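**Student:** Numbering (the UniProt record's numbering), first residue to last: 1 to 125. Handing you a structure now.
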Amino acid sequence: MQYDAKNPEAYLEMLEDDWRKEKLLAIRQMILTYAPELEEVIRYKMLNYGTEDNYVLALNAQKQYVSLYVGTIEKVENAETLLAGYKYGKGCIRVKKSIKIEETGLEQFIHKTIDMWRAGEDTAC
Numbered sequence: 001m002q003y004d005a006k007n008p009e010a011y012l013e014m015l016e017d018d019w020r021k022e023k024l025l026a027i028r029q030m031i032l033t034y035a036p037e038l039e040e041v042i043r044y045k046m047l048n049y050g051t052e053d054n055y056v057l058a059l060n061a062q063k064q065y066v067s068l069y070v071g072t073i074e075k076v077e078n079a080e081t082l083l084a085g086y087k088y089g090k091g092c093i094r095v096k097k098s099i100k101i102e103e104t105g106l107e108q109f110i111h112k113t114i115d116m117w118r119a120g121e122d123t124a125c
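Set out below in structure tokens:
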């Protein structure tokens with residue numbers, strides 16, 4: 001889904017108060033807690049995290065899942081194990097209602113991705 005928000009606060013206000021918002025807020029908190037230096041902005045009608053014009057993650061609530069965009073998943077060591085239970089493509093992890101985020105390796109995956117970005121490694125598509 002696309003949300004025509006001008007800033008992150010407006011984006012969050014536009015979300016329906018359901019499981020998608022709950023999951024999105026949990027993932028958002030993982031990102032902001034681990035990497036407070038990242039700016040949270042709206043790009044491509046979704047939340048993006050990075051600095052200046054170098055963004056590492058994006059987050060969006062879709063109709064059937066929450067999308068976490070990460071560039072190329074296969075660049076993250078041990079990604080297949082960390083993302084067990086998730087449906088994902090080349091650069092998008094789909095978080096469905098039935099997934100219990102806290103019982104998965106998603107937070108560790110996010111940390112590894114941010115660490116790669118901090119080290120100047122290529123995390124883009």
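Backbone N, C-alpha and C fix where the C-beta goes; we use that ideal spot for every residue, glycine too. Only a predicted model underlies this, so the values are computations on that prediction, with no experimental measurement involved.
Would you check if the distance between the CB atom of GLY105 and the CB atom of LEU68 is smaller than 8 Å?
**Tutor:** Not closer than 8 Å, so no.
**Student:** Using a 10 Å radius around the Cβ and a threshold of 16 neighbouring Cβ atoms, would you call ARG20 buried or exposed?
**Tutor:** Buried.
**Student:** Of the residues THR51, TYR3 and VAL66, which one's Cα is nearest the Cα of ARG118?
**Tutor:** It is THR51.
**Student:** For ASP115, which of LEU15, LEU38 and ARG28 has the nearest alpha-carbon?
**Tutor:** Answer by Cα proximity: LEU38.
**Student:** Just verifying my parser: in three-state terms, what is the DSSP assignment at LEU106?
**Tutor:** DSSP places LEU106 in helix when its eight states are reduced to three.
**Student:** Can you find the residues in the same chain that come closer than 7 Å, C-beta to C-beta, to ALA5, ignoring five residues on each side of it along the sequence?
**Tutor:** Contacts found: TYR11, MET14 and ILE42.
**Student:** In whole angstroms, what separates the C-alpha of LYS75 from that of THR123?
**Tutor:** Taking the straight line joining both Cα atoms gives about 7 Å.
**Student:** Would you mind working out which of VAL66, VAL70 and GLN108 sits nearest ASP18, comparing C-alpha positions?
**Tutor:** Residue VAL66 is the option with its Cα nearest to ASP18.
**Student:** Taking buried to mean at least 16 other C-beta atoms within 10 Å of its own C-beta, is ASN60 buried or exposed?
**Tutor:** ASN60 should be labelled buried.
**Student:** How about ILE73 and ALA26: are their beta carbons less than 8 Å apart?
**Tutor:** The answer is no: Cβ separation not under 8 Å.
**Student:** What are the start and end residues of the beta strand (DSSP E) that includes THR51?
**Tutor:** 46–51 is the extent of the beta strand (DSSP E) around THR51.
**Student:** Exposed or buried, which one is ASN48 when buried takes at least 16 other CB atoms within 10 Å?
**Tutor:** With 16 or more Cβ atoms within 10 Å of its Cβ, ASN48 is classed as buried.
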